Amino acid sequence: MNVPKELLRAILVKLPTRDVARCCYVCRLWRAVVSKPSFRDLHAANHAADSADAELLLVSERRVPGWTDEASVFNVSSGKPMLPVTIPRGYSLANVCNGFLCFFHGDEAKAPPVVCNPVTGEKLTLPREGPAPGDHLSHLVALGFSPSTHEYKLFRFSFCPDNSYPGNRVHLHVHTLGATGGGGGGGGGWRHHFYLSVARPIRYNPPLYIDGKLYLVNTGSAQSDYRRIADRMLVLDVATETRRMYRLPYPKAQARHWNPLVDAFEMNGKLCLAVNVLLGHYGRNIQFWVMSPPPDEQHLHVKDEEDDGYDDDHDSDDYKLYWDLRYSFHVDDRYSDFQMTAAWLDGGGMLCYRHGDTLYKYDTRIHSASPDPMAHYCPPYDHKLQLPATAPSSFKCEQDTREYRPFITCHWDMSWDIYCGYRPTLLSPLALSPPPRQDDYDEDHSGDKLEQDVLNIVRCHQEI
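By UniProt numbering, the letter at position 162 of the sequence shown is numbered 162, and the numbering carries on one by one without gaps.
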């Protein structure tokens, strides 16, 4: 029985993304229908407002000398692998935005970021940016999406790692994917903004995309011993490209005493902070704060008597977001620097926190919510599991003694981490690329002649 293509298209477009991806293996007709760019665009538009919970991804990056780097992607809930992604040498995952993964090179400002879809295996290399705004700058890249304009935008932060001087600039370059032309708020090309701030984004904490906004944990001003504490949150609106700086939930005086170390992640569509409260020889408490945006921009005002923010329109915001301390548990061991960290809430109500090669689990169903933030004693974790060790083949340390947590760069045989906020899509990243100019096409494909010659020779034997 032959099903008309239009009827088949109308049926398949209503299926979830993963079911549509499996349709490619049913028959040639189904594969031809779901492979068309028009079908992918229609499916992405119909599922753009999908209210399904975000999924967790396990992303491992394998680096073998003499071989191309490769990122393997697994769905945590199903445990099934997705299509592997070949990435340029030295690249790492910047962040996850809807159904796309964004990779970048943290040490090379001119290295073009790469956006890929692990469902289809397609990837897009973005245009190179112009000259860097200065030498010896650190860089952080984030991909965001504007639900109001249906545009994807790439943001690159460039800043001086030694930010003891309060007037240092933070450079922000923005590129709208798929746009043509230049200039303006929504044009193509790279646009340059900058702002003055004592705060700096933290490189070890990946930017988070949640509901049209990017969230970046920032350090505040240096203390007397030049240590910097993560005490601010930068909120960047993707559509308007405007930003606001907020204090983190704990008071500034307590931050000096507690030395909290912060990790941000998504919990049920909201921003959540995992705050390590160090207790010296008594271990540490791990607090989980959930943010709720203030209604109608009516921010909760909290005045800081020792405000050290630079006096501009944004960085001097003496406001707090609405924070709710949801969970807290005690860990006996001390905090170790330079460890991979992650936090997530699985579908069964188990709160998971990774610190290095250790995984702590806390059952939220049997513990009371909203604990006292000032309580010294917290209930212990429920489970402690040992994760497979990931040992570096070579170790390169780049640190600044003035940073509260020195940033290090490790070259691993294989490293992995858990990422929240993934929502699968069939949309191809190639659809976000403007039509290439003829000179770009000639330059990009001039080196493919050898591969084409080999393919022509190999395929000619198959056709005989």
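We put the CB at the ideal spot given by N, CA and C, even for glycine. Computed from a prediction, not measured in an experiment: that's the story for all the values here.
| Asked | Found |
| --- | --- |
| Which complete beta strand (DSSP E) runs does the region 79-113 hold, if anything under 3 residues is left out? | 92-97 and 100-104 |
| In terms of residue numbering, what span does the alpha helix (DSSP H) encompassing lysine 5 cover? | 5-12 |
| With 16 other CB atoms within 10 Å as the buried threshold, where does arginine 63 fall? | buried |
| DSSP beta-bridge partners for lysine 123? | Cys116 |
| Return the chain-ordered ranges of every alpha helix (DSSP H) run that is complete within the region 354-381 and spans a minimum of 4 residues. | none |
| With H, G and I counted as helix, E and B as strand and the rest as coil, what does DSSP make of glycine 347? | coil |
| Looking at the structure shown, is alanine 32 part of a helix, part of a strand, or coil, going by DSSP? | helix |
| With DSSP run on the structure shown, which of helix, strand or coil describes leucine 143? | strand |
| For a quick check, are the C-beta atoms of tryptophan 289 and proline 249 less than 7 Å apart? | yes |
| Quick check: what's the CA-CA separation for leucine 387 versus glycine 349? | 21 Å |
| Taking 7 Å as the cut-off, decide whether the C-beta atoms of asparagine 98 and phenylalanine 145 are in contact. | yes |
| Taking 7 Å as the limit between beta carbons, can you name the residues of its chain near asparagine 276, skipping five residues before and five after? | Pro260, Leu261, Arg284, Ile286 and Tyr335 |
| How would you label leucine 7, buried or exposed, when you count the other beta carbons within 10 angstroms and need 16 or more for buried? | exposed |
| Let's test the definition: count the other Cβ atoms within 10 Å of the Cβ of isoleucine 229 and tell me whether it reaches 16, buried, or not, exposed. | buried |
| Along the beta strand (DSSP E) that carries histidine 281, what are the first and last residues, could you check? | Per DSSP, histidine 281 belongs to no beta strand (DSSP E) and is neither H nor E. |
| Could you check where the beta strand (DSSP E) with tryptophan 190 kicks off and where it finishes? | 190-196 |
| Under three-state DSSP, which class holds phenylalanine 74? | strand |
| Expressed to the nearest angstrom, what Euclidean distance is found between the alpha-carbon atoms of valine 170 and methionine 233? | 15 Å |
| Return helix, strand or coil for leucine 42, following the three-state DSSP convention. | helix |
| If we ignore side chains and look at the alpha-carbon of each, how far apart do lysine 153 and arginine 200 end up? | 21 Å |
| Use the C-beta contact count for lysine 123: other C-beta atoms within 10 angstroms, 16 or more gives buried, fewer gives exposed. | buried |
| When you compare the CB positions of cysteine 420 and glutamate 266, do they come within less than 7 Å of one another, or not? | yes |
| Measure the C-alpha to C-alpha separation of alanine 10 and leucine 427 and round it to an integer number of angstroms. | 17 Å |
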